[in-house]
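Please read the structure below before turning to the comments.
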Amino acid sequence: MAEINREDVAHLARLAHIDMSSEELDRMAGELAVIVDSIKSVSEVAGDDVPATSHPIPLSNVYRDDVVGETLSNEEALAGAPDNADGRFRVPAILDGE
Amino acid sequence: MSEIIRLSAAALAQKLQSREVSAVDATQAHLDRIAAVDGSINAFLHVNTEEALLVAAEVDKARADGDTLHPLAGVPIAVKDLIVTKGQPTTAGSKILEGWHSPYDATVIRRLREARMPILGKTNLDEFAMGSSTEHSAYGPTRNPWDLDRIPGGSGGGSAAAVAAFEAPLALGTDTGGSIRQPGAVTGTVGVKPTYGGVSRYGAIAMASSLDQIGPVSRTVLDSALLHEVIGGHDPHDSTSLTDPVGALVEAARRGEVKGLRVGVIKELSGEGYQTGVLNRFAESLELLRGAGAEIVEVSCPNFKYALGAYYLIMPSEASSNLAKYDGVRFGLRVVPEGAPTIERVMGATRAAGFGDEVKRRIILGTYALSAGYYDAYYGSAQKVRTLIQRDFNAAFTQADVLISPTAPTTAFRLGEKLDDPLAMYLNDVATIPANMAGIPGLSLPNGLADEDNLPVGIQLLAPARQDARLYRVGAVLESLLEDKWGGPLLAQAPEIAGVK
Chain A
76 MAEINREDVA HLARLAHIDM SSEELDRMAG ELAVIVDSIK SVSEVAGDDV PATSHPIPLS
136 NVYRDDVVGE TLSNEEALAG APDNADGRFR VPAILDGE
Chain B
1333 MSEIIRLSAA ALAQKLQSRE VSAVDATQAH LDRIAAVDGS INAFLHVNTE EALLVAAEVD
1393 KARADGDTLH PLAGVPIAVK DLIVTKGQPT TAGSKILEGW HSPYDATVIR RLREARMPIL
1453 GKTNLDEFAM GSSTEHSAYG PTRNPWDLDR IPGGSGGGSA AAVAAFEAPL ALGTDTGGSI
1513 RQPGAVTGTV GVKPTYGGVS RYGAIAMASS LDQIGPVSRT VLDSALLHEV IGGHDPHDST
1573 SLTDPVGALV EAARRGEVKG LRVGVIKELS GEGYQTGVLN RFAESLELLR GAGAEIVEVS
1633 CPNFKYALGA YYLIMPSEAS SNLAKYDGVR FGLRVVPEGA PTIERVMGAT RAAGFGDEVK
1693 RRIILGTYAL SAGYYDAYYG SAQKVRTLIQ RDFNAAFTQA DVLISPTAPT TAFRLGEKLD
1753 DPLAMYLNDV ATIPANMAGI PGLSLPNGLA DEDNLPVGIQ LLAPARQDAR LYRVGAVLES
1813 LLEDKWGGPL LAQAPEIAGV K
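Those protein sequence lines, which keep their order, are chains A and B. Each number in the working numbering corresponds to the 1-based position in the first sequence with 75 added. Each number in the working numbering corresponds to the 1-based position in the second sequence with 1332 added.
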C-alpha cells in the first residue's frame, strides 16, 4: 500500500479546494502518514467473496408522489448567501481573464 | 441551587402537569443556572432566552385553559449546534458558518416545538462533530463539570456537560462514532444512539451520512426514553428514515426486567488499553446484573479490531463529500483574496480560513481514500469490513439478547492532552464505533467513579437493529441497582462548579 507524502497532500488539498501554507503541508503530511499507516491494514482484511456494505440498514429506493411540497421562498434561499443579485446567488468569476 | 434544576425531566414534567411548578419558572431556573455556571463550562454557544420563555408562557396559559398537552410540554431542552433551528444561529462549531441562520427547522426541532418544549439554546461541539473532546470547536472547548481542567468528551461535549451541570434536564446530540455515548460516559450522564433511521436526520448537518444519528442526552434512562419517543418515528423528509413505529420505549424503561436475559460481554472491547477503574466498574456492573437474574455470557467479535481503521476511511470519505458544499457561494463565509480572483481561489481561501485543522485533516484523508487508484483498496475495503462487523454482531446476537462493554476506554482526560496526537484521540471511540458501522442502537449510562481519579465511568448496552426498547429495559434495571448501591444518582457526588476561571 502506498504511503502518503507531502506532494500527495498538496495535490489533495488542491482537489479539495483548501489553500495550505508550506508549514501546514509539512505538518499535515506528517500527521496523515501516521494515520494512513495505522489504517492501511483494512485493505487486507476482506477477500473478494465479502460483499461491501454502503448502508447499515438495507433499504430499497424511496419514492414520493411528484407533487410540490414545502419549499423555501427565493428570499429564504438567498438569506444566508454571502452575496446575491437579482434573486440569484452572485458568484465570483468562473474563468481567469476574459 | 434551585431544586427545580435538580429534577429529572420525568419528575419535572409531573410537577408541570400538576401545576406545582410553572413552565416559566422551570425555564427561568435553567436560564439562571446557565447564567451562573456557563462562564465556567462553556456548554452553550447561544442562549435562546426570549423564545424559551415565550414558549413556556404559552404552555402555562394552555394548561390554565385546560388544554390537553404533550406530557413533556414545558420541559426545557438544549440542542447540539449541529442541528438546524429557525430563529437561532447554527454554527456546527465552525467559523465557516459563524452567524448563519437556517431558513428551516430540523424535523427533531419541529417535534420539540409540537410538544411545546422550550429550547434553551445551542450547545458546543467539535467542529462539524469531528472529535472526541469538544476541543476542536472554533468557539473554545467545553469543560467537564466534574473537573474544569478536563474534557467533557465529544463531539457532543456541550450537550452532555449542559445536562451534567444541571443547565438543562434534556439535550439532543448526534452520534457518528460515539459522539452521544462517549460524552455521556465521561460526564456521568445517559446518552442513546438510536437504530440508524429511527430518528430523522433531516436538518442534522451531515458529517458521514451512513453513520450519523440524532439521539437523546439526559441524566436518567427514563428521561432518554421520554425524549426518544418525542423525536423518533418516520419522516418523509429523510429517505433513510425507518417506517417502523418508534415503539414503547418509556414503558420499557418503566418496566425494566433482566431476569433470564442473556447479556453478552464483548471480549474484544475490554482488557488492554482500558483503564483499571473502568474495568473494575464494568466487572461490578456485570455482578449486579447477574445478581438480578441475568445470564452473563462471553461473545467474540473478531473483526472489531478493524472497525476503527475502517471507520477512519468511511467517515472521512463521506465527510469530504458532504463538506464540499461549504464553497462560499450559497451560505456561510466567503473570503476573497487580493486581485480579481476566480471562484476557485475564493473557495480555496474560504475553506482555508473557515475550517479548523481536524476538519481539514479529515477532508484530505477522505479525498485520498476516494482518489482514483485508491478507491477499491481503501473505501471499498472499508465497506467490506463493515459487512464483517455486521456479521460479528449477527453471530453475537444469536448468543445474547443485549451486548455490553465499557463505553470508553478511559475517564475524561485533561484538556490539551491528546490535541497534538490525532490517533490517540481517535482511540477514544474504539468501543462505540462498531454500533455505527452496523446501524444498531446503543445506550451509555454512568456506572460509577474510577478508583484512580474519582471521575465518571460509563457502560454501554447494544441491541439488534430496531430493538431500542431492550436498551431501556436493561438500562433502567442497571441504573436502579447502581443507584441503590450509591444511595442516589451518581451526579449527586459531582463537585459544586467553581466560578469563572
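Each residue gets a CB set at the ideal place from its N, CA and C atoms; glycine is no exception. This one's a predicted model, so the numbers in the text were calculated from it and none came from an experiment.
Sequence-distant residues of its chain with Cβ nearer than 7 Å to serine 1469 of chain B (five each side left out): Numbered from its first residue, the second sequence carries residue 1469 of chain B at position 137. These residues qualify, in order along the chain: Gly1425, Asn1456, Leu1457, Asp1458, Glu1459.
Using the Cβ count rule (16 or more neighbours within 10 Å means buried), how would you classify glutamate 106 of chain A? Looking up residue 106 of chain A in the first sequence gives position 31. It is buried - the Cβ of glutamate 106 of chain A has at least 16 other Cβ atoms within 10 Å.
Between which residues of its own chain and tyrosine 1534 of chain B is the CB-CB distance below 7 Å, once the five residues before and five after are set aside? Translated into the one-based positions of the second sequence, residue 1534 of chain B becomes position 202. Cβ within range, chain order: Ala1438, Thr1439, Asp1567, His1569, Asp1570.
Considering only their Cβ atoms, is the gap separating leucine 1747 of chain B from isoleucine 1483 of chain B smaller than 8 Å? If you number the second sequence from 1, residue 1483 of chain B lands on position 151. If you number the second sequence from 1, residue 1747 of chain B lands on position 415. Yes, they are a contact pair.
The segment 1735-1760 of chain B: positions lying closer than 7 Å to chain A by Cβ: Pro1754, Leu1755
Cα separation between phenylalanine 1498 of chain B and alanine 1642 of chain B? Taking the second sequence and counting its residues from 1, one reaches residue 1498 of chain B at position 166. Taking the second sequence and counting its residues from 1, one reaches residue 1642 of chain B at position 310. Taking the straight line from one Cα to the other gives about 37 Å.
Assign threonine 1400 of chain B to buried or exposed, taking buried as 16 or more other Cβ atoms, counted over all protein chains shown, within 10 Å of its Cβ. As a working note, residue 1400 of chain B is residue 68 in the second sequence. Exposed, by the Cβ-count rule.
Three-state secondary structure (DSSP) at histidine 86 of chain A? If you number the first sequence from 1, residue 86 of chain A lands on position 11. Histidine 86 of chain A falls in the helix class under three-state DSSP.
Mind listing the chain A neighbours of valine 1919 of chain B? Cutoff is C-beta to C-beta under 8 Å, in chain order. Residue 1919 of chain B lies beyond the residue range present for chain B, which begins at 1333 and ends at 1833; the question has no answer from this structure.
Checking contacts by CB at 8 Å: is valine 143 of chain A closer than that to chain C? Here chain C cannot be found, since the structure's protein chains are A and B.
How would you list, in chain order, the residues of chain B whose beta-carbon sits under 8 Å from the beta-carbon of leucine 35 of chain A? Nothing can be reported for residue 35 of chain A: it is not among the residues displayed for chain A, which extend from 76 to 173.
Terminal residues of the alpha helix (DSSP H) in which valine 1553 of chain B lies: Within the second sequence, residue 1553 of chain B is the residue found at index 221, counting from 1. That run of the alpha helix (DSSP H) goes 1553-1563.
Using only the alpha-carbon positions, how far apart do valine 1391 of chain B and glutamate 1352 of chain B sit? Your numbering for residue 1391 of chain B matches position 59 in the second sequence. Your numbering for residue 1352 of chain B matches position 20 in the second sequence. Their Cα atoms are separated by approximately 14 Å.
One question on the structure: do serine 1465 of chain B and glycine 1485 of chain B come within less than 8 Å of each other, judged by their Cβ atoms? For the purposes of this step, residue 1465 of chain B is taken as residue 133 along the second sequence, with counting starting at 1. For the purposes of this step, residue 1485 of chain B is taken as residue 153 along the second sequence, with counting starting at 1. Yes, the Cβ-Cβ distance between serine 1465 of chain B and glycine 1485 of chain B is below 8 Å.
Same chain, Cβ closer than 8 Å to phenylalanine 1636 of chain B, neighbours up to 5 away in sequence not counted: Numbered from its first residue, the second sequence carries residue 1636 of chain B at position 304. The residues are Ile1598, Glu1600, Leu1601, Ile1721, Asp1724, Pro1766.
Can you pull the chain A neighbours of alanine 1714 of chain B, defined as C-beta to C-beta under 7 Å? Your numbering for residue 1714 of chain B matches position 382 in the second sequence. Neighbours of alanine 1714 of chain B on chain A, chain order: Val117.
Using 8 Å as the Cβ pair cut-off and three pairs as the minimum, do the segment 1545-1559 of chain B and the segment 1491-1511 of chain B touch? yes
Same chain, Cβ closer than 8 Å to tyrosine 1706 of chain B, neighbours up to 5 away in sequence not counted: The residue labelled residue 1706 of chain B in the question sits at position 374 within the second sequence. If we look at tyrosine 1706 of chain B and ignore the five residues flanking it on each side, its Cβ neighbours are Tyr1700.
Bounding residues of the beta strand (DSSP E) (the contiguous stretch that carries lysine 115 of chain A): Along the first sequence, read from residue 1 onward, the residue named residue 115 of chain A stands at position 40. First-last for lysine 115 of chain A: undefined, no H or E at that position.
Inter-residue spacing [alpha-carbon to alpha-carbon] between glycine 1509 of chain B and serine 118 of chain A: Within the second sequence, residue 1509 of chain B is the residue found at index 177, counting from 1. Within the first sequence, residue 118 of chain A is the residue found at index 43, counting from 1. The straight-line gap from Cα to Cα measures roughly 20 Å.
Run through the DSSP bridge pairs and tell me what serine 1776 of chain B is partnered with. The count along the second sequence starts at 1 and reaches residue 1776 of chain B at position 444. Answer is B:Gly1523, B:Gln1792, bridged to serine 1776 of chain B.
For glutamine 1545 of chain B, count the other beta carbons within 10 Å of its own beta carbon; 16 or more makes it buried, fewer makes it exposed. Which is it? For the purposes of this step, residue 1545 of chain B is taken as the residue at position 213 of the second sequence. Looking at its Cβ environment, which holds 16 or more other Cβ atoms inside 10 Å, glutamine 1545 of chain B is buried.
Going by DSSP in three states, histidine 1433 of chain B sits in which element: helix, strand or coil? Looking up residue 1433 of chain B in the second sequence gives position 101. Residue state, collapsed to three classes: strand.
Residues sharing a beta bridge with aspartate 1479 of chain B, DSSP: Here the question's residue 1479 of chain B lines up with position 147 in the second sequence. According to DSSP, which records beta bridges pairwise, aspartate 1479 of chain B is partnered with B:Asn1476.
Which class does glutamate 1749 of chain B belong to by DSSP, given the choice of helix, strand or coil? Numbered from 1 along the second sequence, position 417 holds the residue referred to as residue 1749 of chain B. Three-state DSSP puts glutamate 1749 of chain B in coil, outside helix and strand.
Assign leucine 1810 of chain B to buried or exposed, taking buried as 16 or more other Cβ atoms, counted over all protein chains shown, within 10 Å of its Cβ. Counted from its first residue, the second sequence places residue 1810 of chain B at position 478. Its Cβ being crowded by 16 or more others within 10 Å, leucine 1810 of chain B is buried.
For methionine 76 of chain A, would you say it is in contact with chain B, using Cβ-to-Cβ distances shorter than 8 Å as the test? Position 1 of the first sequence holds residue 76 of chain A. Confidence is the limiting factor: at methionine 76 of chain A the pLDDT is only 46, short of 50, which leaves the residue's position unreliable, though a coordinate-based value still follows. Interface residue, yes.
Output, in chain order, the set of chain A residues within a Cβ distance shorter than 8 Å of methionine 1647 of chain B. The sequence position of residue 1647 of chain B within the second sequence is 315, counting from 1. Those do not exist, as methionine 1647 of chain B stays about 11 Å from chain A at its closest Cβ, beyond 8 Å.
Three-way DSSP call (helix, strand, coil) for asparagine 136 of chain A in this model: In the first sequence, the residue the question calls residue 136 of chain A occupies position 61. Of the three classes helix, strand and coil, the one that applies to asparagine 136 of chain A here is coil, per DSSP.
What residues of chain B sit near alanine 88 of chain A, judged by a beta carbon separation below 7 Å? The residue you call residue 88 of chain A lines up with position 13 of the first sequence. Neighbours of alanine 88 of chain A on chain B, chain order: Ile1696.
Check whether serine 1617 of chain B and isoleucine 1791 of chain B have beta carbons under 8 Å apart: Looking up residue 1617 of chain B in the second sequence gives position 285. Looking up residue 1791 of chain B in the second sequence gives position 459. The answer is yes: Cβ separation under 8 Å.
Opening and closing residue of the beta strand (DSSP E) in which isoleucine 1628 of chain B lies: Counting from one through the second sequence, the residue named residue 1628 of chain B turns up at place 296. Run containing isoleucine 1628 of chain B: 1627-1631, per the beta strand (DSSP E) assignment.
Under 8 Å, do threonine 1506 of chain B and alanine 1536 of chain B count as touching if we go by C-beta distance? Here residue 1506 of chain B is taken as the residue at index 174 of the second sequence, counted from 1. Here residue 1536 of chain B is taken as the residue at index 204 of the second sequence, counted from 1. Cβ distance < 8 Å, so threonine 1506 of chain B and alanine 1536 of chain B count as in contact.
Contacting residues, own chain, Cβ-Cβ under 8 Å from glutamine 1420 of chain B (five flanking each side not counted): Translated into the one-based positions of the second sequence, residue 1420 of chain B becomes position 88. So the qualifying residues of the chain are His1378, Asn1380, Glu1383, His1433, Ile1451, Gly1453, Lys1454.
Out of B:Gly1680, B:Ser1653, B:Leu1655, state which residue places its alpha-carbon closest to the alpha-carbon of arginine 1666 of chain B. To locate residue 1666 of chain B, count along the second sequence from 1; it is residue 334. Looking at the Cα atoms, B:Gly1680 is the closest of the given residues.
Less than 7 Å between C-beta atoms, sequence neighbours within five positions excluded: which residues of the same chain meet that for proline 1477 of chain B? As a first step, residue 1477 of chain B must be located in the second sequence, where it is residue number 145. So the qualifying residues of the chain are Ile1373, Ala1493, Ala1496, Ala1497, Thr1519, Ala1826, Ile1829.
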